[in-house]
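Participant: Structure below; questions to follow.
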Amino acid sequence: MDVLSDLINLLNDKDKVDFKAYLKHKNKRQDVKNIRLFEVIQTDDINAINKLYGKLKNRDSYHALRKRLHDSLLLFISQRTFERANQAVYELLRYLVVGRYLLENNLTKLGFRSLDKAERIATENEEYNLLQEILLLKLQFAHLNDTIDLEELSKRFIWNQTQIQREAKMQLAYAQLRKELIDIQLKGKVIDLTQFIAETIQKYKISMLDFMNYKSLYQVLYLANEYAAINQNFKLVEKYVSRSYQFIERKKEESSIHMYYKIYILYYLANFNFRNRNYAKSTAILDQISSILSDHPDYWNQFYYRQQLLYALNLHFSGHPTQALETLGHALKQVGKNVKMEDAYDLQICLVMFQTQHHDRQARAGLLRFHHSDAWLEKKMGMLWSIRKSLLEILVYGEFEETDLASARIKSFRRRYRNYLLQTKEEKVLDYVSLLENFFTHPSVVHKESFQQKVYALLALEENSDLFNLSFIAWLVARWEKATTYEVTIQILKIQDEEGVFSPIKMT
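Here you go:
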């Protein structure tokens, strides 16, 4: 995509009006075409762009205009972002710069007063690197101030160095783990993730104390979420979830600078609760996010769509399918050019899943919205996402009796993913695909006890208690239960919640 378009898509409607006013104020001549270029890029009107310099436009002038508009956009966005998101840091830097200037000009009392204010803000906002500069300045000029307790100041300096080292260790480990996760998700790399995480934590000598600030906790929960998703077991990360609740409860007041991390932490907690079937708690946390987004609209576009997706999933699996579909439909209607492709695709694939479970033929049309190849989806959305999308596509064809297409897609699935699934010890997926193939070849097989027992054996596996895995298996059960996949899914969930394990006897 064009870089200028990407930058313009970051602006909301008010920002666009303010940016044009900014350009108008900045322009010294009346014939400057930057505002016109800004307007036509928003409309994707190639003919209008060509008219900027006529049919024989000067390409050098055109690209110079684009470069100036690009630079103006970056400057405007940086100023606007700083104004909105970093007021505390802005104030901190102001006191720091003024304090240094005053001390260098022998106004010691006023200089230290400014540094005291800067230190307070830096401590409250956990800006340890800036706090380091402030404390170094105080140490440098301590001999000019009789009221300074040098021993106490030295203790604060040493404490802050510890915080910087702790944060640095977390960053090193986080960077290494993120890189491995990307290789696993997008490149199909096969490693023992549990062992790798343990080795990384040991390598950097990280303890649970290192997790206890907003940024570090966000990083830990991100990694925990991805780890649990890969293992399809969200109970593996319960201790991190428990500590996160304790941290949020203690932090009753937080700076606006922490809000980005707080929203993410709440989102991950909502997701953990949903995946562990605690729908009420998940929804309550999502309500908290709604409240925060109302007070901090700058984060709306970044979090709204994934929040709505979780709302819909909670409604769907807790027995409110109509409201779930309405929630998804409303969110999809609001998707525009400035929405992340990943968020839009997650909403769309979820809608197709819901429609398939209700035998809604719109699911077939919904598949057509995914124009890209499997390779492209693996790169952009991840291996797990692409595998689930391919399986869902097979079920959609099967749901509406397009068995030839379903069988062809199964062959394609095996060619593409068989080796990867064997390497990652996910043979159960291949077992599931074999059952699908058997059904499409001989539909009457679903009434045989031996076939049903194989399907029930998949349901008995602990990892298949995952909501999404369970939904795929429920599609096969629905073939002989003469019910919709949704009705079967809800029945299986009810049995598991009551019994703790799945009992096929309760299906009848």
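Residue numbers 0 to 507, in numbering that gives the first Met the number 0, belong to the letters of the sequence shown in order. Using N, Cα and C, we set each Cβ at its ideal position, and we do this for glycine too.
(1) State the Cα-Cα distance for the pair phenylalanine 334 and leucine 135, rounded to the nearest angstrom.
(2) To the nearest angstrom, how far is the alpha carbon of histidine 69 from that of aspartate 17?
(3) For asparagine 272, count neighbouring Cβ atoms within 10 angstroms of its own Cβ and tell me buried if that reaches 16, exposed if not.
(4) For leucine 55, I'd like the list of residues in its chain whose CB is within less than 8 Å of its CB, leaving aside the five on either flank, ordered along the chain.
(5) What do you get for lysine 261, buried or exposed, if any count of 16 or more other CB atoms within 10 angstroms of its CB means buried?
(6) Hey, quick one: how far does the alpha helix (DSSP H) through arginine 305 stretch, first residue to last?
(7) Which residue's Cα is closest to the Cα of lysine 168: Val219, Asp496, Phe353?
(8) Quick one: residues in its chain with C-beta nearer than 7 Å to the C-beta of tryptophan 474, no 5 flanking neighbours on either side, listed in chain order?
(9) In terms of residues, what are the limits of the alpha helix (DSSP H) holding lysine 23?
(10) Using alpha carbons as the reference points, say which of Tyr203, Leu346, Leu376 lies closest to alanine 362.
(11) For lysine 388, count the other beta carbons within 10 Å of its own beta carbon; 16 or more makes it buried, fewer makes it exposed. Which is it?
(12) Leucine 404 to leucine 429, Cα distance in whole Å?
(13) Cβ of tryptophan 479 within 8 Å of Cβ of histidine 446?
(14) Along the chain, where does the alpha helix (DSSP H) that runs through asparagine 468 open and close?
(15) Could you give the first and the last residue of the continuous alpha helix (DSSP H) run that contains glutamine 41?
(16) Rank Ile34, Leu420, Lys234 by C-alpha distance to the C-alpha of leucine 3 and give the top, closest one.
(17) Which residues in the same chain have their Cβ closer than 6 Å to the Cβ of methionine 0, if we skip the five residues on either side of it in sequence?
(18) Looking only at C-alpha atoms, which of Glu225, Tyr217, Leu102 sits nearest to isoleucine 196?
(19) Distance, Cα to Cα, lysine 379 vs aspartate 496?
(20) Measure from the alpha carbon of glutamine 175 to the alpha carbon of each residue in Thr199, Thr161, Gln160, then state which is nearest.
Facilitator: According to the data block:
(1) The sequence position of residue 334 within the sequence shown is 335, counting from 1. The sequence position of residue 135 within the sequence shown is 136, counting from 1. For the record, residue 334 in the displayed sequence is valine; it is not phenylalanine. Going from the Cα of valine 334 to the Cα of leucine 135 covers about 49 Å.
(2) As a working mapping, residue 69 is identified with position 70 in the sequence shown. As a working mapping, residue 17 is identified with position 18 in the sequence shown. So the two alpha carbons sit approximately 16 Å from each other.
(3) Counted from its first residue, the sequence shown places residue 272 at position 273. Classification of asparagine 272: buried, given that the 10 Å Cβ count is 16 or more.
(4) By one-based count along the sequence shown, residue 55 stands at place 56. The predicted position of leucine 55 is uncertain, since its pLDDT is 47 and thus under 50; a value taken from the coordinates is nonetheless stated next. Answer for leucine 55: no residue qualifies.
(5) Here residue 261 refers to the residue found at position 262 of the sequence shown. Buried.
(6) In the sequence shown, residue 305 corresponds to position 306, counting from 1. From DSSP, the alpha helix (DSSP H) with arginine 305 extends over 299–316.
(7) On the sequence shown, position 169 is the one that residue 168 refers to. Ranking Val219, Asp496, Phe353 by Cα distance to lysine 168 puts Val219 first.
(8) Here the question's residue 474 lines up with position 475 in the sequence shown. So the list reads Leu394, Thr484, once near-sequence residues are dropped.
(9) Along the sequence shown, read from residue 1 onward, the residue named residue 23 stands at position 24. Here the alpha helix (DSSP H) through lysine 23 covers 12–25.
(10) The residue you call residue 362 lines up with position 363 of the sequence shown. Per the Cα distances, Leu346.
(11) Walking along the sequence shown from the start, residue 388 turns up at place 389. Result: buried.
(12) Residue numbering aside, residue 404 sits at position 405 when the sequence shown is read from its first letter. Residue numbering aside, residue 429 sits at position 430 when the sequence shown is read from its first letter. Using only the alpha carbons, I get a separation of about 18 Å.
(13) One-based indexing of the sequence shown puts residue 479 at position 480. One-based indexing of the sequence shown puts residue 446 at position 447. Against a cut-off of 8 Å, the Cβ pair of histidine 446 and tryptophan 479 comes out as a contact.
(14) Within the sequence shown, numbered from 1, the residue matching residue 468 stands at position 469. Here the alpha helix (DSSP H) through asparagine 468 covers 466–480.
(15) What you label residue 41 is simply residue 42 of the sequence shown in a count that begins at 1. Residues 33–42.
(16) For this step, residue 3 is matched to residue 4 along the sequence shown. Answer by Cα proximity: Ile34.
(17) As a first step, residue 0 is located in the sequence shown; it is residue number 1 there, counting from the start. For methionine 0, the pLDDT reaches just 48, beneath the cut-off of 50, and the residue's location in the model is therefore unreliable, although a value from the coordinates is still provided. If we look at methionine 0 and ignore the five residues flanking it on each side, it has no Cβ neighbours.
(18) One-based indexing of the sequence shown puts residue 196 at position 197. With distances taken between Cα atoms, isoleucine 196 lies closest to Glu225.
(19) Position 380 of the sequence shown, counted from the first residue, corresponds to residue 379. Position 497 of the sequence shown, counted from the first residue, corresponds to residue 496. Each residue's alpha carbon lies about 35 Å from the other.
(20) In the sequence shown, residue 175 corresponds to position 176, counting from 1. The candidate whose alpha carbon is nearest that of glutamine 175 is Thr199.
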